[in-house]
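Heads up: the structure comes next, in structure tokens.
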Amino acid sequence: MKRGDKILIGILLLIVLAFFMLAEARKANEPANKIAVVRVKGEIEQKIELVEDRNNEFNFIGPMGISRARLENGKIKMISSPCKDKICIKQGHISTGGQSIVCVPNQVSISIEKEDELDEITR
1 MKRGDKILIG ILLLIVLAFF MLAEARKANE PANKIAVVRV KGEIEQKIEL VEDRNNEFNF
61 IGPMGISRAR LENGKIKMIS SPCKDKICIK QGHISTGGQS IVCVPNQVSI SIEKEDELDE
121 ITR
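Numbering of the sequence shown is given in our numbering, commencing with residue 1 and proceeding in unit increments.
In structure tokens form, the structure reads like this:
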């Protein structure tokens, strides 16, 4: 084996190691129990545990009317809202820490947060 071959193999091993480290870092940032925090007019309205085997719908009353969210297979999405453009509905499902859905006109938001940052959970 030539010197160039050894260098190439070393570089490839470093790249593979970097991918494994990146994957582990992403897992570490993901909360063990995911919680959806729903805020209306900036105040916490409800905290919902994102459970894989639970499917529910939730209603939240904002200044414009009722916004409805659906929990499906550990993911949550907005399914109806009285706002004009329906951007919050078009955002689709969220399930990862740091993601959020915001309906600005109706002042309703849903964000995924770590469980240890919260006090109470709706089950």
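From the three backbone atoms N, C-alpha and C, an ideal C-beta is built for every residue, glycine too.
Listed in chain order, the non-local C-beta contacts of residue 65 below 6 Å within the same chain comprise 82, local neighbours out to five positions each way being set aside. Just so you know, the alpha carbons of residue 7 and residue 22 end up roughly 23 Å apart. Taken atom to atom, the span from the alpha-carbon of residue 99 to that of residue 18 is near 25 Å.
Going by DSSP, residue 88 is part of the alpha helix (DSSP H) stretching over 87–90. In its chain, beyond the 5 residues on either side, 62, 63 and 107 have a beta carbon closer than 8 Å to the beta carbon of residue 41. By the neighbour-count criterion, in which 16 or more other beta carbons inside 10 Å mark a residue as buried, residue 1 falls on the exposed side.
Within the same chain, Cβ atoms closer than 8 Å to the Cβ of residue 52 are found at 73 and 74, the five residues on either side in sequence being excluded.
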